[in-house]
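Colleague: As numbered in my numbering, residues 28 to 561 make up the sequence shown, in order.
Glycine is no exception: its CB is placed at the ideal position from the N, C-alpha and C atoms.
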Amino acid sequence: MYQALYRVWRPKTFSDMVGQEAIVRTLRHQVTTGRIAHAYLFCGSRGTGKTSAARILTRAINCLNPQNGDPCGECESCRTIENDASFDVYEMDAASNSRVEEIRELLEKVDYPPQFGKYKVYIIDEVHMLSNAAFNALLKTLEEPPEYMVFILATTEPQKLPSTILSRCQRYDFGRYTEDQIAGHLKKVVAESGEEAEEEALSLIARAAEGGMRDALSILDMCMGSGEKITEEHVRQALGTADRAFLFSYAEALAHRDGAEALRLTDELMRGGRDVQVFLKDLSAHLRMLMAALLCGPGEGLPGVSGENARRYAQQAKEFSQQRLLRVLDGCMHAEADTRWAASARSVLEIFALRACDQPEEKDVEALLERVAELERRLAELEKNGVRALPAAASQTAPKEQKPSGPVPRPVVETPVPAGSRPPKDVWNDALKYLKKAEPALYGPLSRAKYGGYQDGTFKAMFAPGEEIFQTMLAQPERRLKIESALNQAGGQEAKFEPVSQMVQQDPEAGARQEKNLSGLIEMFGRDKVQIDE
Ligand SMILES: [Zn+2]
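1. By Cβ distance, which residues of its chain are closer than 7 angstroms to valine 116, with the 5 residues on each side in sequence left out?
2. Between the Cα of leucine 376 and the Cα atoms of Lys308, Thr258, Thr40 and Glu408, which residue gives the shortest distance?
3. Which class does serine 42 belong to by DSSP, given the choice of helix, strand or coil?
4. Would you list the one or two residues that DSSP bridges to threonine 205?
5. Is glutamine 47 helix, strand or coil when you go by DSSP?
6. Could you give the residue range of the beta strand (DSSP E) that holds cysteine 70?
7. For arginine 73, which of Ser245, Ala369 and Gly471 has the nearest alpha-carbon?
8. Name the residue from Gln30, Ser371 and Tyr470 whose alpha carbon lies nearest to the alpha carbon of glycine 252.
9. If we ignore side chains and look at the alpha-carbon of each, how far apart do alanine 161 and isoleucine 130 end up?
10. Under the criterion of a Cβ to heavy atom distance below 7 angstroms, does proline 98 qualify as lining ligand 2?
11. Can you determine whether any heavy atom of ligand 1 sits closer than 7 angstroms to the C-beta of glutamate 48, and answer yes or no?
12. Helix or strand or just coil, what does DSSP make of arginine 37?
13. Could you spell out where the alpha helix (DSSP H) holding arginine 516 opens and where it closes?
14. Are there 16 or more other CB atoms within 10 angstroms of the CB of proline 451, so buried, or fewer, so exposed?
15. Within 10 angstroms of the Cβ of threonine 293, are there 16 or more other Cβ atoms? Answer buried if so, exposed if not.
16. In chain order, which continuous runs of the alpha helix (DSSP H) of length 4 or greater are located wholly inside the segment 119-186?
17. Taking the alpha helix (DSSP H) that glutamine 264 falls in, what are its first and last residues?
18. Relative to ligand 1, is the shortest distance from any of its heavy atoms to the C-beta of serine 113 smaller than 7 angstroms?
19. Return the chain-ordered list of same chain residues with a C-beta closer than 7 angstroms to the C-beta of alanine 87, the five sequence neighbours on each side being excluded.
20. Could you please give the first and the last residue of the uninterrupted beta strand (DSSP E) stretch that includes alanine 488?
21. What first and last residue would you give for the beta strand (DSSP E) that runs through proline 526?
22. Would you tell me roughly how many angstroms separate the C-alpha atoms of leucine 402 and glutamine 186, rounded to the nearest one?
23. Please tell me whether, using a cut-off of 7 angstroms, the distance from the CB of asparagine 124 to the nearest non-hydrogen atom of ligand 1 is below it.
24. Just curious, the beta strand (DSSP E) that arginine 449 is in, first and last residue?
25. Please confirm if the segment 230-243 is in contact with the segment 191-205, defined as three or more CB-CB distances below 8 angstroms between the two stretches.
26. Where alanine 122 and lysine 167 are concerned, what is the direct C-alpha to C-alpha distance, given to the nearest angstrom?
27. Please report the Cβ distance between glutamate 259 and glutamate 225, rounded to the nearest whole angstrom; I am assuming they are in contact, meaning their Cβ atoms lie under 8 angstroms.
28. Give, in chain order, every unbroken run of the alpha helix (DSSP H) that is at least 4 residues long and sits entirely within the segment 338-367.
29. At which residues does the beta strand (DSSP E) containing aspartate 200 begin and terminate?
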């Protein structure tokens with residue numbers, strides 16, 4: 028009989044489990060020392076190993092011959108539980124048995140000690156689905172459980188549990204798997220199944236599974252069994268996503284500002300029956316790859332991409348400026364979100380594509396900003412001389428009192444520096460100068476930030492809205508350490524580095540005011556010169 032991969036590959040011991048090392052270590056320790064809690068709460072999104080861990084723990088604490096905290100799998104207890112034949116272990120899915128009668132029936136049996144093993148174990152999956160009455164019944168038992176009783180509660184939504192239940196459980200949070208962990212595990216599964224797969228194909232599955240091993244194995248299941256080597260194309264077909272060549276063509280059209288070609292490709296996509304939202308997600312991923320290629324340079328490898336493809340990314344990346352690529356990516360991610368409620372997903376894609384092709388070059392924007400600054404200087408001078416010089420349309424609609432517009436910028440905070448030390452701003456500038464030469468790949472994103480102040484030994488870099496991608500990049504521990512060591516060197520003392528976002532709060536009226544400011548700008552420069560950018 029055919030068995031789904033995720034069943035075949037369900038871990039049988041803690042040693043089999045992928046990731047979740049801290050949790051595994053603690054549970055294993057409890058088994059070896061015999062310090063078993065009465066109630067465990069396993070939290071985490073789907074496919075992160077909660078149920079597997081619950082079953083392993085159940086067998087381990089009842090095993091007659093545990094091996095370093097793992098169940099032996101051979102003793103009578105292990106085999107009985109494995110075959111679902113034990114009267115001491117109950118597994119219940121609260122999603123389908125949420126009523127109080129069902130939980131009461133279960134709890135009535137708590138008073139009977141285990142027939143065979145040391146512990147009686149109740150595993151309640153999706154425990155947040157229980158009714159209030161059911162929770163109250165459960166709570167009574169949790170308050171005074173018999174010595175032999177162990178509850179393992181599992182949930183994807185711990186925030187829905189009553190605090191009275193939470194406070195009586197030992198809580199474990201199961202994190203999502205990283206793409207590397209998933210791809211690594213899939214590689215093992217493929218090899219042991221006697222099949223072959225391209226590295227890229229497995230990376231694509233890992234990305235699509237979004238941290239859930241069970242989903243990853245289900246996708247792999249769909250691609251296996253044809254007797255052929257599993258390719259990226261097989262995976263894309265299974266997932267219904269666009270192939271890489273198509274993504275390259277689409278990005279090419281955007282790079283060349285070829286709106287007609289982008290619309291033609293959109294049409295092709297629609298005739299192929301593809302889902303717009305899925306495509307936009309793929310395109311975002313593609314643009315992020317380009318961004319990574321642009322920022323890291325050709326030397327550094329891209330995650331999950333091999334030689335030839337890495338070269339293609341690097342090549343296409345060169346057709347965008349960093350600024351423009353960021354704006355296109357930003358637009359793409361917004362469009363992806365918009366498809367969720369838009370009546371026509373196709374129009375969302377088309378509007379995004381046309382806007383992306385219509386964006387002015389950054390030098391145009393800079394020139395425009397310079398002109399705005401110049402005009403503002405002149406206006407200020409005129410006003411000093413008592414002349415109201417607002418453009419007619421804007422002055423009619425302008426509010427009497429001018430509140431600060433937009434989100435509030437984060438203030439730059441400085442801690443006083445002990446005498447004899449160098450001013451933090453100098454240290455910062457020196458570190459930047461050093462990084463520019465020594466770590467150009469780091470300097471790139473860092474140069475997008477403004478100096479954000481020095482406080483309690485921490486240097487801050489402030490990123491403007493829309494630049495969050497750089498903030499995220501630099502928050503990564505390895506990059507952070509490099510920047511900190513540059514700051515250490517420049518300042519001659521221990522320094523920390525923290526990338527922060529420039530805006531601290533959103534002003535609800537900012538949007539309306541921005542629109543007014545914008546109409547003022549259009550008034551000043553003419554409509555064709557002003558680009559509206561989300
Ligand atoms: Zn055993």
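Modeller: Once the coordinates are examined:
1. Within the same chain, Thr85, Ile108 and Val148 come within 7 angstroms of valine 116 by CB-CB distance, once the 5 residues on both sides are set aside.
2. Taking only the C-alpha atoms, the option nearest leucine 376 is Lys308.
3. Looking at serine 42 - three-state DSSP - the assignment turns out to be helix.
4. The partner list for threonine 205 (beta bridge, DSSP) is empty, contrary to what the question assumes.
5. Looking at glutamine 47 - three-state DSSP - the assignment turns out to be coil, as it is neither helix nor strand.
6. Cysteine 70 -> beta strand (DSSP E) spans 66-70.
7. Among Ser245, Ala369 and Gly471, the Cα nearest to that of arginine 73 is on Ser245.
8. Sorting Gln30, Ser371 and Tyr470 by C-alpha distance to the C-alpha of glycine 252 places Gln30 at the top.
9. If you take the alpha carbons of alanine 161 and isoleucine 130, they lie about 6 angstroms apart.
10. By its list of ligands, the structure shown excludes ligand 2, since it contains just ligand 1.
11. No, Cβ of glutamate 48 sits at least 7 angstroms from all heavy atoms of ligand 1.
12. Note: arginine 37 maps to coil in three-state DSSP.
13. The sequence given here places glutamine at residue 516; arginine does not occur at that position. That run of the alpha helix (DSSP H) goes 504-518.
14. So proline 451 ends up on the buried side.
15. Taking a 10 Å sphere around the C-beta of threonine 293, we find 16 or more other C-beta atoms and assign the residue as buried.
16. Every alpha helix (DSSP H) stretch that sits fully inside the segment 119-186 and reaches 4 residues is listed by chain position as 127-135 and 159-170.
17. 259-266 is the extent of the alpha helix (DSSP H) around glutamine 264.
18. No; taking the cut-off as 7 angstroms, the Cβ of serine 113 has no heavy atom of ligand 1 nearer than that.
19. Counting only residues of its own chain and dropping the five nearest sequence neighbours on each side, alanine 87 has a CB closer than 7 angstroms to the CB of Val58, Pro93, Gly96, Asp97 and Pro98.
20. Unbroken beta strand (DSSP E) run through alanine 488: 485-490.
21. Boundaries of the beta strand (DSSP E) around proline 526: 523-528.
22. If you take the alpha carbons of leucine 402 and glutamine 186, they lie about 53 angstroms apart.
23. No.
24. Neither: arginine 449 is in no beta strand (DSSP E) and is coded neither H nor E.
25. Yes: the two stretches touch, three or more of their Cβ pairs being nearer than 8 angstroms.
26. Distance between the alpha carbons of alanine 122 and lysine 167 is about 21 angstroms.
27. Glutamate 225 and glutamate 259 do touch by the CB rule: their CB atoms are close to 6 angstroms apart, below 8 angstroms.
28. Given a length threshold of 4 residues, each whole run of the alpha helix (DSSP H) inside the segment 338-367 is given here in chain order: 349-365.
29. From DSSP, the beta strand (DSSP E) with aspartate 200 extends over 197-200.
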